[in-house]
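Notes for the one structure printed next.
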Amino acid sequence: MFSCNTSTSGHSTFLLTGFPGLGASHHWVSIPINLICVVSVLGKGIILFLIRTDPALHEPMYIFLSTLAASDLGLCASTFPTMVQLFWLGVCELPFNLCAAQMFFIHAFTYVESGVLLAMAFDHFVAIRDPLHYASVLTHSAMAKVGPAILVRAVLLNLPGPILLWCLLFLQISVLSHCYCLHCDPVGLACSETQVNSLVCLVSILLSLGFDSSLIILSYALILWTVLSIASPGKRLKALNTCVSHLCIVLIFYLPKLGLSELHRVEKHSYPALAVLTANLRFLVPPFMNPIVYCTKSKQILQGLLKRFQQKRVDVL
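Using this note's numbering, the letters of the sequence shown correspond one by one to residues 570 to 886.
Have a look at this one:
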């Protein structure tokens with residue numbers, strides 16, 4: 570039995586948690602999770618290939634979509650290795666350094682995705698509110714600044730987390746709540762004071778997810794106000810239809826996070842397996858659903874996909 574008197578910093582080991590009570594069936598339980606990961610990677614790869622190779626898709630909305638796909642791939646790359654390690658290889662140990670690195674990349678890619686969703690909301694707002702000046706507002710030079718700004722913000726907001734984690738003391742072996750490392754998980758297991766860590770985490774969330782979600786809500790309120798001022802019902806419906814795919818992705822991105830937060834506060838200890846499943850779906854559902862939503866709702870992407878498929882069929886024949 571370890572005590573906090575024998576705690577260490579930087580040399581402790583974290584144990585990943587699978588599905589409680591289903592340890593013997595982890596191989597079977599993980600099959601749908603692994604399939605979702607594979608489909609997500611393939612879907613993102615297809616979208617990136619289409620946008621890169623089709624000049625008709627070199628527009629701001631599709632550039633944002635390619636950035637979103639790239640961040641989803643990064644999120645899959647950050648979480649998938651530990652899932653495979655735990656469910657297929659039965660290895661649950663995660664060294665401190667790897668935990669800190671995984672924590673940084675998971676949160677960084679999450680913040681990048683949130684920033685891209687905000688940029689896409691602004692794109693829709695400008696396209697509906699002032700379509701005549703759309704090309705002059707979202708220029709290539711402006712697009713070249715937005716992407717790096719989103720990335721720099723994500724890095725700066727997440728750097729303090731792993732650094733401050735090194736200042737905490739942990740048991741030589743600590744058990745995490747999930748099959749990956751999030752900031753709140755190891756901080757909750759620390760044997761030393763964590764007020765600074767919690768404050769930094771709160772500020773980071775407010776300046777990223779909180780700020781972005783507030784502006785996204787404001788953007789859609791202004792979009793709705795603009796649409797209601799349109800006299801023609803057909804034009805109203807057409808304007809709203811352009812926002813459906815983005816709105817679906819926003820809900821897919823934020824709702825699992827809110828659900829997991831509520832589950833942790835209310836039912837985590839009563840239904841631990843459900844909490845673990847929800848935590849996994851939090852990072853698996855958005856990358857899985859995003860390509861499906863855009864391929865079904867975007868005519869340009871669907872046409873580009875069909876064109877590539879027809880070209881491949883002709884080449885084979």
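All C-beta atoms, glycine included, are put in the ideal place defined by N, C-alpha and C.
**Item:** V854 versus V607, N766, L655, residue with shortest Cα-Cα distance
**Value:** V607
* Indicate whether C661 and F852 have their beta-carbon atoms separated by less than 9 Å. => no
By the three-class DSSP mapping on this structure, what secondary structure does M570 have? Low per-residue confidence applies at M570: pLDDT is 42, beneath 50, and the placement is therefore not dependable enough to give any value.
Practice item. Identify which residue in L634, V681, S705 has its Cα closest to the Cα of C864. Key: L634
- Item | Three-state secondary structure (DSSP) of V681 | helix
Is the region 684 to 698 in contact with the region 714 to 724, if contact means three or more CB pairs nearer than 8 Å? yes
Worksheet entry | Classification of T636 by the beta-carbon crowding that lies within 10 angstroms, buried from 16 upward | buried
Rounded to a whole number of angstroms, what is the C-alpha to C-alpha distance between A800 and I818? 28 Å
Requested in this report: Kindly indicate the opening and closing residues of the beta strand (DSSP E) around I742.
Outcome: 742 to 744
message: Three Cβ pairs or more, each shorter than 8 Å: is that satisfied between the region 747 to 767 and the region 665 to 684?
response: yes
Tell whether a beta-carbon distance below 9 Å holds between I785 and L720. no
Does DSSP put L758 in a helix, in a strand, or in coil?
coil
According to DSSP, is F588 part of a helix, a strand, or is it coil? coil
Strictly by DSSP, which residues pair up with T582? P664, I742
Q) Could you give the C-beta distance for V598 and H747, rounded to a whole number, given that I count them as a contact under 8 Å? A) That belief does not hold up - the Cβ atoms of V598 and H747 are roughly 14 Å apart, past 8 Å.
Next on the checklist: Taking its Cβ as the centre, do 16 or more other Cβ atoms sit within 10 Å of E762, making it buried, or is it exposed?
Outcome noted: exposed
Practice problem: Alpha carbon to alpha carbon, how far is K804 from Y703? Give it in angstroms, no decimals. | Solution: 18 Å
So, helix, strand or coil for S798, using DSSP? coil
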